[in-house]
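Visitor:
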Amino acid sequence: MHSQWSWDTPVGDMERSCARALELGLPAIAFTEHLDHTVWRIALTGPYVIDHLTALADTDGQLTPPAFDAAGYLETIEHCRRRFPQLRIFSGLELGEPHRHADQIAQVLATGRFDRLLGSLHTLPDQGTFAEPWGIYPHRDPYEAAMAARRSAGASASDGGA
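Quick note: the working numbering has the sequence shown finishing at residue 162, numbered continuously throughout.
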């Protein structure tokens, strides 16, 4: 789950999530915070506007995800592990477009131990920038856009992410 350490989760709270997990009788919880480096276009008007994201975008609708504070995150994980010793707490990251950002991701991973790493593809190339799929599909065939993204990810993975 995401906590206050994910830039796009304005209401997350790691300690409250741990307390709630115990209330529910869960033996473990995993926090997989967003680690994103792709700058992408978001909607500034229309049905897909998300106020929290719009506040982070420039006037052209380009969103640059803020830097991730890995040391602060890992410190909070350790604090929660001490406070909730009966709960197994996993640290983790959801790596946005890891095939595009290997060097930046390696720098963050070098700061400490992360128990879980997930790869995600939130954006696709579109009109000289990147956009989330819902922002592309109104003007581009969904199948073609998905296949282009798959080809791009596959090419990057096969050449070591370069």
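Beta carbons are placed, not taken as given, at the ideal position from N, Cα and C, and that holds for glycine.
Since we're looking at a predicted model, the values are computed, not measured.
Below 8 Å on the Cβ atoms is my guess for G96 versus L35; work out the distance and round it to an integer in Å.
Guide: Taking the first residue of the sequence shown as position 1, residue 96 is located at position 96. Taking the first residue of the sequence shown as position 1, residue 35 is located at position 35. Confirmed, Cβ separation roughly 6 Å.
Visitor: Per DSSP, what kind of secondary structure is P133 in: helix, strand or coil?
Guide: Here residue 133 refers to the residue found at position 133 when the sequence shown is read from its first residue. Correct three-state label for P133: helix.
Visitor: Alpha carbons only, please: which of I77, L109, V11 and P27 is nearest the one belonging to P98?
Guide: Within the sequence shown, residue 98 is the residue found at index 98, counting from 1. Per the Cα distances, L109.
Visitor: What's the C-alpha gap between E185 and S6?
Guide: Lying outside 1 to 162, the shown extent of the chain, residue 185 is not represented and no answer is given.
Visitor: Would you kindly check if the distance between the Cβ of I89 and the Cβ of C136 is under 8 Å?
Guide: Indexing the sequence shown from 1 puts residue 136 at position 136. Indexing the sequence shown from 1 puts residue 89 at position 89. Note that residue 136 is Ile in the sequence shown here, rather than Cys. Cβ atoms of I136 and I89: not closer than 8 Å.
Visitor: Have a look at L117 and A19 and give me their C-alpha separation to the nearest angstrom.
Guide: Your numbering for residue 117 matches position 117 in the sequence shown. Your numbering for residue 19 matches position 19 in the sequence shown. Cα to Cα, the separation comes out at about 23 Å.
Visitor: Based on Cα-Cα distance, which residue from R151, P125, R150 and S152 lies nearest to R140?
Guide: One-based indexing of the sequence shown puts residue 140 at position 140. The residue with the shortest Cα to Cα distance from R140 is P125.
Visitor: Quick test of your reading: T111 and A67, contact by CB under 8 Å. State the CB separation rounded to the nearest angstrom.
Guide: Residue numbering aside, residue 111 sits at position 111 when the sequence shown is read from its first letter. Residue numbering aside, residue 67 sits at position 67 when the sequence shown is read from its first letter. Not quite, the Cβ-Cβ distance comes to about 12 Å (not below 8 Å), so this is no contact.
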